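Engineer: My questions will all concern the structure given below.
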Amino acid sequence: MKKTIKDYEYTGKKVIIRCDLNVPIKDGHITDETRIKESLESINYLINHNAKVIVMSHLGKVKTEEDKKENTLYPVYLKLKKYLNTKVYFSKETKGSLLEDMVDSLKEKEVLLVENTRYEDVPNKLESTCDESLSKYWAGLADIFIDDAYGASHRAHASNVGIAKYLPNAVGFLVEKEITKIDNVLKENTHPYTVIMGGKKISDKIIVIDNLIKKCDYLLVGGGMCFTLLKASGYNVGMSIVDDENIKYSKNLLKNYEDKIILPIDIVTKDNKIKDISDMQDEDIGYDIGPKTIEKFSAILSKSKRVIVNGPMGVFEEKPFDNGTKEIYKCLKENKVKTLIGGGDSAASVNTLGFGNDFYHISTGGGATLEYLSGKPLPGIEIIDNKREK
Ligand code: ADP
Ligand code: MG
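For reference, each letter of the sequence shown is one residue, going 108 to 497 in our numbering.
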């Protein structure tokens, strides 16, 4: 068990909290505030426990001086000011005397947001190479470090792993919730245990497949991914998305896990025709799973005790190709199956299709969750101190 935010006293202490405030911004306006809202619980906990709160986050990619202008956290600062019931300040510097003065004059219950940590990537990538002197410098500004940036935890950067090396530390509420819930689904011993995968490319998901297939009872495959497996089984998949480099991998997978892998039996083409897999022609492009497949998948999902969903069943951004994804979610919801949704687009599809409150856990960390599901430790979380065993 990792130490959590509740394991320290904060009165009068300077606390750095690393959040994931990497929100989408268009023309200076934030288009989705979810990450800001989700970060408020831990920040408010620190405020309510009389800390001097220093908030850090990255935003976008910063590779040149030009990138800095587009990726300032200033719009996020305005939102924090709006949502937090206390004084909130903004430091334009990520290092230097202005930042140090602002930290020194911070009072209990006040908040200071520091500019985008990735400004330190220009010119020498100090943030993303976890530079030791930068890590020590940031750690020197505070007494305690809280890591609540789950979405960044698959990266070992100065602002998470680096600072944690030099300060007493703990995870925040968001990270605690993510790892507890994902571990619950991965580790509980209930069966049937089903993994349903889709999305675009099989190459993005091979490490996830390799890890999960050993433990699950069924792997259902839809989305764009299924066409590489169908082609490997000898079907003509027309012009559907295929990853030719992974045909051989797919053949081996199908051979080794014949009993576990279930592929679509029909699909919906881009020109909206339902076709059995064996009837696909050279010009067909598969865009969604078909009704017989939905039925077949639903029969397995409805009797499953736990399910991991990674990747939508079709091009859900375009109607009517959201149907397969929607029907699968409907089945999981109606049968109250313990369901973990992992993956950036999967989480987006659950929300846009109206199932945002219907599952055991919808993970917010796209890349981080995929790495965790592939069995890799997350460096941002590994580095955090363990609770002392009683
Ligand atoms: P996640 O982010 O949940 O891991 P991916 O990034 O792997 O998921 O895949 C999401 C994308 O896959 C979506 O943009 C969706 O349009 C696309 N997709 C799903 N089915 C197909 C298909 N049959 N052909 C092409 N793209 C597809
Ligand atoms: Mg994605």
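Glycine included, each C-beta is placed from N, C-alpha and C at the ideal position. In this text, all values refer to a predicted model and were calculated from it rather than measured experimentally.
Whole angstroms are fine: how far does the CA of Ser385 sit from the CA of Val130?
Structural biologist: Near 44 Å, if we compare the C-alpha coordinates of Ser385 and Val130.
Engineer: Consult DSSP for Tyr325 and reduce its assignment to one of helix, strand or coil.
Structural biologist: Of the three classes helix, strand and coil, the one that applies to Tyr325 here is strand, per DSSP.
Engineer: Please work out which residues of its chain come closer than 8 Å, Cβ to Cβ, to Leu153, disregarding the five sequence neighbours upstream and downstream, and give them in chain order.
Structural biologist: Excluding positions up to five away in sequence, the list reads Ile112, Tyr117, Val122, Ile124, Val160 and Ile253.
Engineer: Can you pull the DSSP bridge partners for Ile469?
Structural biologist: BP columns for Ile469 point to Ile448.
Engineer: Taking Val282 as the reference, give the member of Asn458, His468, Pro371 and Val169 with the closest Cα.
Structural biologist: Measuring from the Cα of Val282, the nearest candidate turns out to be His468.
Engineer: Any heavy atom of the ligand MG closer than 7 Å to the Cβ of Gly473?
Structural biologist: Result yes, Cβ under 7 Å from the ligand MG.
Engineer: At what residues does the alpha helix (DSSP H) containing Thr335 begin and finish?
Structural biologist: Element bounds for Thr335: Cys333 to Ala339.
Engineer: Should Phe423 be listed as close to the ligand ADP, given that the test is whether its C-beta is under 7 Å from any heavy atom?
Structural biologist: Yes, the Cβ of Phe423 comes within 7 Å of a heavy atom of the ligand ADP.
Engineer: Does DSSP put Asn417 in a helix, a strand or coil?
Structural biologist: Reduced to three states, the DSSP call for Asn417 is strand.
Engineer: Which first and last residues belong to the alpha helix (DSSP H) in which Lys188 is found?
Structural biologist: Its alpha helix (DSSP H) spans residues Tyr181 to Tyr190.
Engineer: Can you give me the start and stop residues for the beta strand (DSSP E) that Ala256 sits inside?
Structural biologist: Ala256 -> no beta strand (DSSP E), and no H or E assigned at all.
Engineer: Could you please give me the residues that DSSP links to Val218 through a beta bridge?
Structural biologist: DSSP, once it has assigned bridges, lists Val160 and Val195 as partnering Val218.
Engineer: Taking only heavy atoms of the ligand MG into account, decide whether any of them is closer than 7 Å to the Cβ of Asp452.
Structural biologist: Yes, the Cβ of Asp452 comes within 7 Å of a heavy atom of the ligand MG.
Engineer: Is there contact between the segment 254-271 and the segment 375-391, where contact requires at least three CB pairs shorter than 8 Å?
Structural biologist: Because the criterion of three Cβ pairs below 8 Å is not met, the segment 254-271 and the segment 375-391 do not touch.
Engineer: Our contact map puts Phe404 next to Ile303 with C-beta atoms below 8 Å; I'd like the distance itself, whole angstroms only.
Structural biologist: The pair is a contact, with the Cβ atoms about 7 Å apart (cut-off 8 Å).
Engineer: With a cut-off of 8 Å on the beta carbons, I'd call Gly450 and Gly473 a contact; round off their distance for me.
Structural biologist: Between Gly473 and Gly450 the Cβ distance is about 6 Å, and since that is below 8 Å, they are a contact.
Engineer: Considering only residues of the same chain and omitting the five flanking positions on each side of Lys433, which have a CB-CB separation below 6 Å?
Structural biologist: Leu460, listed in sequence order.
Engineer: Does Asp238 come out as helix, strand or coil in the three-state DSSP assignment?
Structural biologist: In this structure, Asp238 counts as coil in the three-state DSSP scheme.
Engineer: Under the rule that 16 or more other beta-carbon atoms within 10 Å means buried, what is Glu478, buried or exposed?
Structural biologist: Buried.
Engineer: Between which two residues does the alpha helix (DSSP H) containing Thr400 stretch?
Structural biologist: Where Thr400 is concerned, the enclosing alpha helix (DSSP H) stretches over Pro398 to Ser409.
Engineer: Name the residue from Ser347, Ala475 and Lys243 whose alpha carbon lies nearest to the alpha carbon of Glu285.
Structural biologist: Nearest option by C-alpha distance: Ala475.
Engineer: Quick test of your reading: Asp452 and Gly421, contact by CB under 8 Å. State the CB separation rounded to the nearest angstrom.
Structural biologist: No, Asp452 and Gly421 are not in contact; Cβ-Cβ is about 12 Å, not under 8 Å.
Engineer: Spatial neighbours of Ala158 within its chain, please: C-beta separation below 6 Å, excluding the five flanking residues on both sides.
Structural biologist: Only Tyr117, Lys120 and Val122 meet the Cβ criterion.
Engineer: Looking only at its chain, what residues have a beta carbon closer than 7 Å to the beta carbon of Gly279, apart from the 5 residues adjacent to it on each side?
Structural biologist: Result list for Gly279: Ile112, Ile124, Ser149, Ile253, Asp254 and Asp255, in chain order.
Engineer: Could you check how far apart the C-beta atoms of Ile143 and Lys194 are, in whole angstroms? I think they sit under 8 Å.
Structural biologist: So it is not a contact: roughly 18 Å between Cβ atoms.
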